[in-house]
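To keep things clear, I will list the structure first and then write my remarks on it.
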Amino acid sequence: MRLEVDIRKTLQSGDRRFELEAAFSSQDDLTVIFGASGSGKSLTIQAIAGLVTPEQGRIVVGGKILFDSHLGINLPARKRGVGYLFQDYALFPHLTVRENIAYPLKKAWHLNLSSDGREEVDEIMASFEISHLAESYPAELSGGQRQRVALARAMIKKPSILLLDEPFSALDSMLRHRMRMELLEIRQRFAVPLVVITHDPADVEVFADTLVIFANGRVEEVCGRKKLAASEDEDGWRTKVCWRAQWKKENPTAQNFAMASGI
Amino acid sequence: MPDLTPLWLTLRIASFATAIAFVFAVAFAWLTARFAFWGRDFLDAILTLPLVMPPTVLGYYLIVVWGRNGWLGSWLNAHFGISLMFTWQGAVLAATVVSFPLLFKSARAAFEGVSIEYEQAARILGDNEIAVFFRITLPLAARGLLAGTMLAFARAMGDFGATLMVAGNIEGKTQTAAMAVFDAVQAGDYALANTLVAIMSVVCVTILVMTNKLANRGRAGR
Numbered sequence: 133m134r135l136e137v138d139i140r141k142t143l144q145s146g147d148r149r150f151e152l153e154a155a156f157s158s159q160d161d162l163t164v165i166f167g168a169s170g171s172g173k174s175l176t177i178q179a180i181a182g183l184v185t186p187e188q189g190r191i192v193v194g195g196k197i198l199f200d201s202h203l204g205i206n207l208p209a210r211k212r213g214v215g216y217l218f219q220d221y222a223l224f225p226h227l228t229v230r231e232n233i234a235y236p237l238k239k240a241w242h243l244n245l246s247s248d249g250r251e252e253v254d255e256i257m258a259s260f261e262i263s264h265l266a267e268s269y270p271a272e273l274s275g276g277q278r279q280r281v282a283l284a285r286a287m288i289k290k291p292s293i294l295l296l297d298e299p300f301s302a303l304d305s306m307l308r309h310r311m312r313m314e315l316l317e318i319r320q321r322f323a324v325p326l327v328v329i330t331h332d333p334a335d336v337e338v339f340a341d342t343l344v345i346f347a348n349g350r351v352e353e354v355c356g357r358k359k360l361a362a363s364e365d366e367d368g369w370r371t372k373v374c375w376r377a378q379w380k381k382e383n384p385t386a387q388n389f390a391m392a393s394g395i
Numbered sequence: 022m023p024d025l026t027p028l029w030l031t032l033r034i035a036s037f038a039t040a041i042a043f044v045f046a047v048a049f050a051w052l053t054a055r056f057a058f059w060g061r062d063f064l065d066a067i068l069t070l071p072l073v074m075p076p077t078v079l080g081y082y083l084i085v086v087w088g089r090n091g092w093l094g095s096w097l098n099a100h101f102g103i104s105l106m107f108t109w110q111g112a113v114l115a116a117t118v119v120s121f122p123l124l125f126k127s128a129r130a131a132f133e134g135v136s137i138e139y140e141q142a143a144r145i146l147g148d149n150e151i152a153v154f155f156r157i158t159l160p161l162a163a164r165g166l167l168a169g170t171m172l173a174f175a176r177a178m179g180d181f182g183a184t185l186m187v188a189g190n191i192e193g194k195t196q197t198a199a200m201a202v203f204d205a206v207q208a209g210d211y212a213l214a215n216t217l218v219a220i221m222s223v224v225c226v227t228i229l230v231m232t233n234k235l236a237n238r239g240r241a242g243r
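Chains as they are written, first to last, in the working numbering: chain B, 133 to 395; chain F, 22 to 243.
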């Protein structure tokens, strides 16, 4: 699975101006976009999903051109065939768990789902172990349950890629670990490539085959599988890369100081 | 038994007025809640104006626009040979305008309360814009819309000034309950006045209590 992103986008609100200039590609099925908040990583996956339109550039997922400013291609979000997990899941509060999961299968003007559709919903609920929650509303669920429902809803149409926006930040640390393992298992079961954006180095440890580091709206570093594999002997290498990037971003003066004093 | 014709007329006028106001209010509320465009604040102010202007002034504006020699009124008269002045349809027009801002304001707040993340999620899950509106935005804003609709209905029922200017006070034709109360008091018919006042009060209190209930449940609910 090849993911290719090369986009520019400027956001302006009042005096504040943010420029995103993101270019990276990934051959791997597990890609982590790492960066502090405000580094432009959320904007980047929103652009992949079609929620924001870049000023110029190109987005290709598995050979399918989703956006290309030169060719004048800009597929609407509904036709991109990507799955997206929102940071707080965006489960529709007026619908039950079953209705939420069935949402993408149901035609807008039909009252009921086809029998095939019903079967599909039952199957995916069983595989996510949420069948017993079918008639509950999202407000009645725990954090982990919500995430499972959101994943089931995102996966039911078999997306070509699953984008996850800080997937574990809403969970407590015990649950976080378990959901990471569950997500890896889902990736295996559905054979879907993942793009995870995070500011948590632990996610990098678990998910990064390709690691893309963002800082100030730019891609600072891309490490592919080869480079990561070569440094496997070095324990926790990926984590160190992340810490370093974060430290540089948060302490630009410290960095200058370190350079000036020859450390 | 006092003559309750004005009451039925009032209910009919208020129902039509609320229905028309609903369609326009929802459209404009969605537009102003979801899109930032040049002149949005100005548009909002214009649409809210009937809330603060004296009803007679509103009635005067309506005559200027819809009267026999008005901008739209003369066109209606020339092409269809009809005029809204001094008809119950004219009363509907007046009631629509006075109740519109209440619905518009509630609807805008209701739409703004719907997180755009739900709409984005629906788009990614395959919905086009129309489906997003009817499957996500409208149901999630429903409570606020319903509360606004009831307020607007109560306001439409109670209008006096604008309706009087546009539709007059013709017994059995355009005389609403509010005007009948005025006439009854003028004529010293307190039995009729008391009956009408009691019924109107009960209806309005019921509507307000229900509106409050809706609003409270909206805050606590899912």
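Heads up, the beta-carbon is just placed ideally off N, CA and C, and yes, glycines get one too.
Query, Result
"Stretch pair the stretch 185-205 of chain B + the stretch 139-156 of chain B: three plus CB contacts closer than 8 Å", "yes"
"Local conformation of residue 149 of chain F per DSSP, three classes", "coil"
"Whole alpha helix (DSSP H) elements within the stretch 56-140 of chain F, 4-residue minimum", "61-73, 76-87, 92-101, 109-133"
"Sequence-distant residues of the same chain with beta carbon closer than 7 Å to residue 113 of chain B, five excluded per side", "In the structure as shown, chain B starts at 133 and stops at 395, and residue 113 of chain B therefore has no counterpart that could be examined."
"Inter-stretch contact (C-beta, 8 Å, three-pair minimum) for the stretch 184-196 of chain F and the stretch 109-119 of chain F", "yes"
"Chain-order list of residues whose beta-carbon lies under 7 Å from that of residue 42 of chain F (same chain, five-residue window excluded)", "117, 120, 121, 124, 173"
"Chain B contact for residue 57 of chain F (CB, 8 Å cutoff)", "no"
"Below-8 Å beta-carbon distance, residue 131 of chain F vs any chain B residue", "no"
"Bridge partner(s) assigned by DSSP for residue 171 of chain B", "Looking at the DSSP assignment, residue 171 of chain B forms no beta bridge with any residue, so it has no partner."
"The stretch 82-90 of chain F / the stretch 154-169 of chain F touching (three or more Cβ pairs under 8 Å)", "no"
"Three-state secondary structure assigned by DSSP to residue 228 of chain B", "coil"
"Any C-beta of chain B under 8 Å from that of residue 161 of chain F", "yes"
"Close beta carbons around residue 275 of chain B, own chain, < 8 Å, minus the five adjacent residues each side", "302, 303, 304, 307"
"Where the beta strand (DSSP E) through residue 215 of chain B begins and ends", "214-217"
"Interfacial residues, the stretch 133-149 of chain F to chain B, with Cβ spacing under 8 Å", "136, 138, 139, 141, 142, 143, 144, 145, 146, 147, 148, 149"
"Residues near residue 38 of chain F by beta carbon distance below 7 Å, same chain, minus five either side", "113, 116, 117, 120, 177"
"Own chain partners of residue 152 of chain F with C-beta closer than 8 Å, once the 5 adjacent residues on each side are dropped", "143"
"Closest Cα partner of residue 168 of chain F within the set F:192, F:203, F:138, F:126", "F:126"
"DSSP-derived helix/strand/coil call for residue 297 of chain B", "strand"
"Backbone secondary structure at residue 206 of chain B - three-state DSSP", "strand"
"Any non-hydrogen atom of the ligand ADP closer than 7 Å to residue 164 of chain F Cβ", "Absence of the ligand ADP is noted for the structure shown, with no ligands found whatsoever."
"C-alpha gap between residue 72 of chain F and residue 66 of chain F, whole angstroms", "10 Å"
"Rounded separation between residue 235 of chain B and residue 23 of chain F - CA only", "55 Å"
"Any C-beta of chain F under 8 Å from that of residue 224 of chain B", "yes"
"Buried/exposed call for residue 221 of chain B, threshold 16 Cβ in 10 Å", "buried"
"Cβ contact check for the stretch 195-203 of chain F and the stretch 49-63 of chain F: 3 or more pairs under 8 Å", "no"
"Whole alpha helix (DSSP H) elements within the stretch 154-199 of chain B, 4-residue minimum", "173-181"
"Three or more C-beta pairs below 8 Å linking the stretch 279-291 of chain B and the stretch 223-234 of chain B", "yes"
"Min CB distance residue 241 of chain F to chain B below 8 Å", "Annotation note: pLDDT 45 at residue 241 of chain F (below 50); position unreliable, no value reported."
"Close beta carbons around residue 355 of chain B, own chain, < 6 Å, minus the five adjacent residues each side", "343"
"Alpha carbon of residue 94 of chain F to alpha carbon of residue 137 of chain B, nearest angstrom", "58 Å"
"Under 7 Å by beta carbon: chain F residues contacting residue 281 of chain B", "Simply none; closest approach about 12 Å."
"For residue 330 of chain B and residue 184 of chain B, believed in contact at Cβ under 8 Å, the rounded distance", "That belief does not hold up - the Cβ atoms of residue 184 of chain B and residue 330 of chain B are roughly 20 Å apart, past 8 Å."
"Contact under 8 Å by Cβ, residue 244 of chain F with residue 54 of chain F", "Because chain F here runs from 22 to 243, residue 244 of chain F falls outside it and cannot be looked at."
"Limits of the alpha helix (DSSP H) - the one that residue 256 of chain B falls within", "247-259"
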